[in-house]
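Asker: Going letter by letter, the sequence shown gives residues 948 to 1157 in the numbering used here.
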Amino acid sequence: MKEYGIGRRNVMRIGVDIDGTIKDTHRAAVEVYNKELNRSVRVEDVTDFYLDQAYGLTPREGRKLWRKLEDQIYSLGIPLNHSVEVLNELVRMGHEIYFITARPGMRKIVDVTKEWLKKHGFPYNGDNLIMNAQDKGKVAKEIGIELFFEDAPNHLLTLLQNRIPTIIVDAVYNRDFPHPLRRIHDWREVYEIVDAKKQESHGNHSHSNK
Ligand SMILES: [Mg+2]
C-alpha cells in the first residue's frame, strides 16, 4: 500500500493515453485522410488499428502519409464522450493525472498536443504530459502509475508485462486482446473502478473514509 501522507491516502497516480483513449483519433484521421486522398471512407468501416487497409495503402505508404498528416489529425477536435469531465472530476478528488502518449516528441507535435489538451479543458497542468512513450509499461513504472487507461494492443502488452493495473478503453481493434483486463465503453464507468481500486488498496474499508 502506498502512503502519500496524511489526508492523501486515497490519492492515485493515474496514467491516461491520448489517441483512442480520450480522443476519437480514428474519426479525426478518417476526416483528414478523406480530404487528402479525396475519398469517402466511413469511420465505421475502419476496423484495424491502422488505417492502411481501409485506404488500400501498403504499410510503408501508410506510415509516410500518417507522418505527413499527423499534426492535422492531432489538432482536430473530437475528445471521447465524458473524458474531459471525468478526468477533471478525478483531479478534484485529489488524483494525479498523467497524459502518456507515444506521439513523437518533435516540437510541433508537442505544441499541437498541449494546445489540444488545453483547448478542450483537460486537466493538463504544464507538467503532466509525457511524449514519445514507446514503452508505456516502463514509463508507467518509472513514474509510479497505479492505474492506466489505454486502447492500443501493443501498449496494453507492455503495461501488463510491467504489472501496471490497466483498463482497456474499448475499440473495435482491441476486442480480441487475449488477456483478461477490465474494459470501459464510457468514461463515466471510471468512477466505480477508481472507487473499487481504493477499497482494494485499503483492505476493504468502506466508503466512509472517502
Ligand atoms: Mg492510443
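C-beta atoms are modelled at their ideal positions from N, C-alpha and C, and glycine is treated no differently.
Can you have a look at V1137 and say buried or exposed, based on whether 16 or more other CB atoms are within 10 angstroms of its CB?
Answerer: Per the 10 Å Cβ criterion, buried.
Asker: Kindly provide the chain-ordered list of residues whose Cβ lies closer than 6 Å to any non-hydrogen atom of ligand 3.
Answerer: The model depicted lacks ligand 3 and carries ligand 1 instead.
Asker: List the DSSP bridge partners of T1113.
Answerer: DSSP, once it has assigned bridges, lists F1095 as partnering T1113.
Asker: Does the Cβ of V1119 have 16 or more other Cβ atoms within 10 Å, making it buried, or fewer, making it exposed?
Answerer: By the neighbour-count rule (16 or more Cβ atoms within 10 Å), V1119 is not buried but exposed.
Asker: Evaluate D964 with the Cβ neighbour count: other Cβ atoms within 10 Å of its Cβ, from every protein chain shown; 16 or more gives buried, anything less gives exposed.
Answerer: That one is buried.
Asker: Determine the direct distance from the alpha carbon of V993 to that of R1014, and round the result to whole angstroms.
Answerer: Spanning the two alpha carbons is a distance of roughly 19 Å.
Asker: Please identify the residue among I1044, L1094 and Y1045 whose C-alpha is closest to the C-alpha of K1145.
Answerer: Nearest of I1044, L1094 and Y1045 to K1145, Cα basis: L1094.
Asker: Less than 8 Å separating the beta-carbons of H973 and P1026?
Answerer: Not in contact: H973 and P1026 (Cβ atoms no closer than 8 Å).
Asker: Taking only runs that begin and end inside the segment 952 to 994, name each unbroken alpha helix (DSSP H) of 4 or more residues, in chain order.
Answerer: The segment 952 to 994 contains these whole alpha helix (DSSP H) runs: 972 to 984.
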